[in-house]
Amino acid sequence: MFDNFHRLTDVRVNRRGVIGRRDFLGTVSASAAVAGTLNWPALMTARADDLRQRGMACILLWMQGGPSQLETFDPKPGHANGGETKAIETSVPGIRISENLPNVARAMDDICLIRSMNGREGSHPRATHLMQTGYLPTASVKYPSIGAHAANQLADRSFDLPSYVRIGRGRGSYGGGLLGVEFDPFLMASATRVPDNTTVSHGDNRYRRRLGLLGKLESHYEQHGGRQEVGDHRKLVNAASRMVLSPRMDVFDIEQEPESVRQAYGDSEFGAGCLLARRLVETGATFVEVHAGNWDTHDDNFDRVRDLCTQVDQPHAALLADLKQRGMLDRTLVVWAGEFGRTPKINPRSGRDHYPRAYSAALAGAGVKGGQVIGETDAGGESIKDRPVGVSDFLRTLCQALGLDADIEHMSNIGRPIKVVDGGEVVREVFG
Amino acid sequence: MNTTFRYQWLAACVAVWMFAAPWLAQAADAPNPIETARRIDQLLAKEVGVGESAAGRCADEIYLRRVYLDLVGQTPSVEDILIFTLDPDPNKRQAVVERLLEDGDYGRNWARYWRDVVFSRRTEDRAFLAAPATTEWLTEQFNSHVSWDQIATELITAEGDVREVGSTGLIMAQAGMPEDTVSEISRIFLGIQIQCAQCHDHPTDQWKRQQFHELAAFFPRVAVRPKNEGEQRSFEVYATDFAPRFRRPAGNNRFRGTLEHRMPDLNDPTSAGEVIRPVFFVSGERLEFGTPDADRRGTLAKWLTSADNPWFAKAYVNRIWAELVGEGFYEPVDDIGPERECTAPDTMDALAAAFTDSGYDCQWLFQTIMATEAYQRESRSRRSPTETPFQANVAQRLRADQLFDALVNALELPRGLIDGAGARVGGPGGAYGVRAGARQVFSQAFGYDPSERREEISGTVQQTLAVMNSPFINGAINAGVTTSLGRLISQQDDDRTIVIELYLRTLSRQPSDDELATCVEYVRQGDDRREAFEDVLWSLINSTEFLHRR
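From first to last, the protein sequence lines stand for chains A and B.
Per the numbering used here, numbering of the first sequence is gapless, rising by one per residue and ending at 468.
Per the numbering used here, numbering of the second sequence is gapless, rising by one per residue and ending at 558.
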C-alpha cells in the first residue's frame, strides 16, 4: 500500500532519494550499469516486476536489548564463562545449543546458526541502528532500515495493507529514512488488538457517505491555490480508506486462527506477534518485525534469560513449522537477532554486560541451508576463532536471500549517494 | 521538582537581566520594519520580477489564520476572526503581528519549532529526555526578546543536567560527540553542511577534511555522561580541562572527553590520529593548543555570531523567510553555501544585513517579513522549478503542535484532557519515568523535521487514519449534549448558521456559497440532523485546507 501510494504521488521531486524521475540515474545499481545497452526504465521495471512477483518476505524476530549468546545459541558449559547454563542436543547431530531453547533445538534442521557475528558498537541505540540499517546514525543522513529497503524493492504495489509492519513496543526510530515516510513501518504495540484507528465506528455506509462529503468539500481549496496539496491528501485518504475498508483487515484478528494453531504458538505476547507475522506475510506483507525483550541483562542474567527464552522459544519453532507446513518457508526468511551479545565474563551481579565482539544470530527459510553452524568462538566465547561475520556481511546475506539489490544507491537530501549496504560480502555458506 | 523550577526561574531572571538592556539599546537603532519590508519587495521585484502572474493580496481572514499559525501556532478564535475582519483600521495587519509577538504563545510556538529542528536529527535516542527543558528554555528566550546570537551562544557553551538546563539540548542530541555536535552547529547556525568533509574533502564545496576537524577541535573537552544519582535518571553535559585517566587508542573519547581533538588517519584507523588545533573555517581565526574549554566554546560562539560572519544572519533569515513565505532563497533551508544557488541574492543579502543591524532581533525579522507583499500574497501550490519564484505564498503542512492546537480549537476540547499525564511513553522512556500527555503522543505521530524540503514532507497513512478514525477525535466530534457541537446544534435552528460557525472554527473563514449549499443539502438529505453535522465537522477537520496553513 505504501509503495502504491508512492507511485501514485508521481514523485514530483525526488523525495529524499526515492526512485523518481529526476534522480533516476542515481539509483541504478552498479551491476545494472554494466549491462549497458538496455535502456534504464525497461531494465529497472523488468527487474522490479520480477522481484515483486516472487513474493519474497522476511520475518525479523528482533531480540531488543542484546540477547546473551551464551544462554541461547553459543553455550559454553564447562568453562567459567559459561555459568550454570547447560547445552542440549539438537535435531542435528553435533550442534548443541542452550537448554533454554528446547523447541528451537528440535527445529535445527531448518536453522543456520551464525556464531561469529561481530560489530564495534556497544551502545543500544547506535548498535540497533547499525544492525537495522548497516550504518551508524548521523544527523545529516537518515539511513533506511533493511525492512524499508525490502518494502521498497519487493512489495506488491496492489497490496492494500501495510507492507512493512513492526509488532511490539520496540526501541528505535529507524524506518524509511531517506526513502521517505511511506516506507516507515506500520507500528503495532500489540498483536492481540487490531491496529489503532482502523475500526470504522459508525458502519461502512456512513463512512462512505463521509468520504463523499469530504470529496465535495475539497474542491474549493483545490481550485483556490491547493491543487497539489488536495491531490496528495486525497491519495492518502484513499489509501487509508482502502485499508480500513479492505476485506483483508481480518488478517489482524489472530483469534480467527484455529485453537490448535494458537496453542502451537503459545500464549505469550511474542507468540501472538509471530502468529500475526505469519498471517501478514501470507496475506502479502513483505517485512514484519516482531520485537521481544528486554534482553539487557546486566544483573540476574541467568534467571532473566531463561524467562525470556521461555517466551521466545516455542513461538520461534512454531513459526518455522507453520511456515513449512504451509509451503511458505521457501519464500520467507526468518531472522533471529539482536543488536549485540553479552560479555562472556560474568559480572559480580550475576549479569552480563554489552559485548559486540562476538555474538550469535539465526537464519531460516528463503533458501538458507539449515542444520549448520557458521563461525566459531573460542572456548570462553571471548573472541572469534573462525569465519567472522560483520554487520555488512550479515545484511548483504539477508539481501541475497530476499533477492534485494544491496548495491542500489539512493541520493541523500544533500546529494550524497547511499548504498543499501556499504561494503561487506555475502556469507555464501549460508546457502549451502 | 522544586529544584528544577527554581533553576528555571533563576535562569529566566539571569536571562532578563543580561539581555534585556542591550536589546533595548539596539532596538532604537534597528531599521524600521515597514520601510525595510518595502525595500525588500522592491529588490525582489527587480531581481526576479513580480508580474501579472503574481498572486494577489490574500483576504483578511486568510491572512489572520496565516499569522496566527505562523506566530503563535494556533488558529484564531471565532471572535478574533470577526473582530479582525470588521476592523476598518488600514494598519490592522501590522497591529495583529505586533500583538501576537507579545503573546506568550509566540515563544512557545517557535521553541517547539527549534526543538524539532534540533531533536529530529538526534543521534542519541535518549536525548528526548532533554526536549522538555529545551522547549521551556527556548520559550523563555523568545518571549524575553533574547537575540538570536545570544541564544546560539548559550546553546554552544551549555553545561549541566539535560533535564534541568534547557540550553544543553543541542549538545545532548548528539551525545556530546565533537564531530556530530559541530556538524549540527554549522548546519543550524550557518547553513553550511560541513560534515560532508568529515571523511574526505567536501565533494561539492570548498571545505577540506582538515577544516572539518579543526572545527571539531573546539569541542574535544565536552562530553555527555549518564547521571544516575538523585531522584531521576538523566544525562549531564560537562567539560573537563584535566587529562582523563584513560585514553582510548583512537584518541577521541566518547564519554570522558579528551584535551585535544584528533583527526583519524584514514589509512590506519587504529592509530591515534593527528592532533588538531581549533580553527574557525569561515574566518581562519585560530586558538592555541591547551586552550581551556570555556575559552574554546566561548570563542567559537563569538566568532560564529560576529557581524563579520555573513553566514550566521543569512542562515536564520533564509530559514524564517522560507517558513513564512513558503519558499526559501536557498533550499533545503540548512544548505546555503557557499557554492549554492540563491534565487534572489541581493534581496537575501539586504535582508540579512538589516537583520544584523537589528542586533539579530528575532521579533524584528517577523515584523519585517510579515509586512512584505511577498508574505501577504495568496498561497499557491509549490511552483515547478522552471516557474518564477516568489509569485505567491506557498501553503505549508501544519507541524504536529500546530495541528494539535488547531484541533483543540476546532473541537473545543477541554484543556485537562490534553495536557494531563497520559500514557507512559514506550521504549526507553519507561526507565526514565517519563509520561506523555495527549500532545506528546500526537507529536510523535505527526512530527516532522522542519529542515527537510517542505514538498518532501508528505503525510502518512497512519497519520491520516488517526484524524479520520481515532476514538479520541470521533468522541469529540460526537454531537451529544456535552460536546461543543451538540450544544451548537441544540442552540441553533438555522442550519446555515451552524455550517458557517463550523467553517470559522476549522478553516477560520466563511464557506463559499457552493460549500454552504453542499453542506446544507447534506444535512437536509440525512435522516438525522445531529449525525449529519457530525459528518460535516468530520469532513472539515479531514480536509486538506485544515491540515495546511495557506
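For glycine and all other residues, C-beta sits at the position ideal for the given N, C-alpha and C.
Keep in mind that this is a model prediction, so the values were computed, not measured.
For residue 558 of chain B, the closest of B:71, B:61 and B:49 by C-alpha to C-alpha distance is B:71.
In the structure shown, residue 54 of chain B falls within a helical segment according to DSSP collapsed to helix, strand and coil. Only residues of its own chain outside the window of five on either side were considered, and among them 117, 416, 417 and 418 have a CB closer than 6 Å to the CB of residue 380 of chain A, listed in chain order.
The shortest C-alpha to C-alpha distance from residue 387 of chain A to any of A:141, A:103 and A:92 is the one to A:103. Taken in chain order, the whole beta strand (DSSP E) runs of length 3 or more contained in the segment 143-183 of chain A are 147-154.
In terms of beta-carbon proximity, residue 188 of chain A stays away from the interface with chain B, with every pair separated by 8 Å or more. Annotation: residue 73 of chain B to residue 104 of chain B spans about 11 Å, alpha carbon to alpha carbon. Per the DSSP secondary-structure output, residue 372 of chain A pairs in a beta bridge with A:97 and A:398. Collapsing the DSSP output to three states places residue 479 of chain B in a helix. By the neighbour-count criterion, in which 16 or more other beta carbons inside 10 Å mark a residue as buried, residue 154 of chain B falls on the buried side. Using a CB distance cut-off of 8 Å, residue 311 of chain B does not count as an interface residue toward chain A.
Residue contact check for residue 363 of chain A against chain B: no CB pair falls below 8 Å.
By the rule that beta-carbons nearer than 8 Å mark a contact, residue 530 of chain B touches chain A.
The beta-carbon separation of residue 148 of chain B and residue 115 of chain B, rounded to 7 Å, stays under the 8 Å limit for a contact. Between the alpha carbons of residue 423 of chain A and residue 431 of chain A lies a distance of about 16 Å.
Around the CB of residue 310 of chain A, 16 or more other CB atoms lie within 10 Å, so the residue is classed as buried. Just measuring C-alpha positions, the residue of B:311, B:279, B:176 and B:221 sitting nearest residue 247 of chain B is B:176. For the options A:315, A:307, A:385 and A:219, the alpha carbon positioned closest to that of residue 340 of chain A is the one of A:385. At a beta-carbon threshold of 7 Å, the residues of chain A lying near residue 546 of chain B are 246, ordered along the chain. Counting every other CB atom within 10 Å of its CB across the protein chains shown gives residue 438 of chain A a total of 16 or more, marking it as buried.
Cβ atoms of residue 179 of chain A and residue 164 of chain A stay farther apart than 8 Å, at about 12 Å. According to the DSSP assignment, residue 350 of chain A belongs to the alpha helix (DSSP H) that extends over 337-361. The beta carbon of residue 520 of chain B falls within 8 Å of a beta carbon belonging to chain A, placing the residue at that interface. When C-beta distances to chain B are compared with 7 Å, the residues of the segment 261-279 of chain A below that value are 261, 262, 263, 264, 265, 266, 268, 269, 272, 273, 275, 276 and 279, in chain order.
Separation of the CB atoms of residue 170 of chain B and residue 245 of chain B is rounded to 6 Å, and the pair is thereby assigned contact status at 8 Å. Residue 381 of chain B and residue 393 of chain B have their C-alpha atoms some 22 Å from each other. Between the alpha carbons of residue 64 of chain B and residue 260 of chain A lies a distance of about 12 Å. DSSP places residue 322 of chain B within a helical segment (H, G or I) once states are collapsed to three. Under the three-pair Cβ rule at 8 Å, the segment 301-308 of chain B does not count as touching the segment 42-55 of chain B. Close partners of residue 220 of chain A in chain B (Cβ separation under 7 Å): 468. Counting only Cβ-Cβ distances below 7 Å, residue 254 of chain A has contacts in chain B at 551 and 552, in chain order. Taking the Cα positions, residue 96 of chain A is about 41 Å away from residue 389 of chain B. For residue 323 of chain A, the three-state secondary structure derived from DSSP is strand. Residue 373 of chain B is not bridged by DSSP to any residue. If you look at residue 221 of chain B, you'll find it in the alpha helix (DSSP H) that goes 217-224.
Contact check for residue 551 of chain B against residue 253 of chain A passes: the beta carbons are separated by less than 8 Å.
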